[in-house]
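In this note's numbering, the protein residues as written are 143 to 543.
Okay, here's the thing in structure tokens:
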């Protein structure tokens, strides 16, 4: 591959997804390094005043300041954009920085947001607490019900915001219907795709306008760094998101960008194997626990929709036991699987959502979205699935199941 091939869209857009995850966006310095270079610099120097003036004026390409551009970060942004089928991408320091920026960059006093009620706890906090502080109206709905999207639209509705599958209830949103409805009414769809990444689901292909990520999860894939990303049209990214990001500064560090670049190289392999492992673990748990929420199993009420939208079931699902006491007994009996509230890791992780990821959400809101005191969410990793099944088996028995 030549030095600039990875940045040539006329070439990289023809590559298949696994190739894009390894090669897209790569720009090599004059040293000809094979691994992407790590540019640890906050600023840049210039040979003359005219050059820097032209760059700040947007009349010439090139770096100006690392709050605006960094070569390592730019490589990651180009790679994520290509993988998602997007025109452009901007990265952020965390997944929640990405969600916040994707919303606030386009909303003003008097606007209205319709959001899925089943969501990551911090995303619900954005909708329930932060946006109303700025005079932005919000409505939460059962996102599985297409009619509720239609009924929630107001003259001032600006954004539809949802994740699919939802964290941790595994609700599936009908992407084609919801995004199509939004287009009919001039509403922007913002989709949190962290549970899938482009390796399993590309919301833009179903009509979404903006896709936001916690790249901390599957993109890194090994629990090392925090990162976020937002993809969309060049118009949205450069003229709506970028002014907000330039002046508020939720930027991703070059080191974290480099780590995520390394993670993406193995994304295709990891998500396929983890999806296979999750299906095996899910089949074991089905019938052993009172309730299981796994889109890859026919018992999931939206199994067919999940199969239409997703290339595989993913590595994450939830199940329920009787109550918090039994959930804690199960967690405390684990020998191999880690008790951890992260997801997307190559290691298997299990957590009690009501006391961790959704602790900041009121009990009433948790009940509304279906996060019970007995719900447990599992991230199935790359271990041998039989070892995971054996660990869960003994932990279930210790919990009386």
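For each residue, glycine too, the CB sits at the ideal point set by N, CA and C. Values in this document were obtained by computation on a predicted structure and should not be read as measured data.
Asked                                                                                                                               : Found
Since residue 182 contacts residue 396 with CB under 8 Å, what's their CB separation in whole angstroms?                            : 6 Å
Helix, strand or coil for residue 282 per DSSP?                                                                                     : strand
Can you look up residue 502 in the DSSP assignment and give me helix, strand or coil?                                               : coil
Please list the terminal residues of the continuous alpha helix (DSSP H) segment that includes residue 193.                         : 191-198
Using CA coordinates, which residue listed in 531, 152, 157 and 513 is at the minimum distance from residue 263?                    : 513
So residue 518 and residue 430 are in contact, right, with Cβ under 8 Å, and what is the actual spacing, rounded?                   : About 13 Å separates the two Cβ atoms, so there is no contact after all.
Would you tell me roughly how many angstroms separate the C-alpha atoms of residue 346 and residue 175, rounded to the nearest one? : 33 Å
Quick one: Cα of residue 248 to Cα of residue 164, how far?                                                                         : 32 Å
Would you call the CB atoms of residue 235 and residue 374 closer than 8 Å?                                                         : no
Under DSSP, the beta strand (DSSP E) around residue 517 begins and ends at which residues?                                          : 517-521
What residue does the alpha helix (DSSP H) around residue 265 start on, and which one ends it?                                      : 263-267
So, does the segment 327-336 touch the segment 270-287, judging by three or more C-beta pairs under 8 Å?                            : no
What does a CB cutoff of less than 6 Å around residue 329 pick up in its chain, not counting 5 residues either side in sequence?    : 299 and 302
For the candidate residues 217, 232 and 160, whose alpha-carbon lies nearest to that of residue 150?                                : 217
Once DSSP output is grouped into helix, strand and coil, what is the label at residue 182?                                          : coil
Thinking C-alpha only, which one of 187, 186 and 166 is nearest residue 177?                                                        : 166
How many Å lie between residue 279 and residue 387 at the Cα?                                                                       : 23 Å
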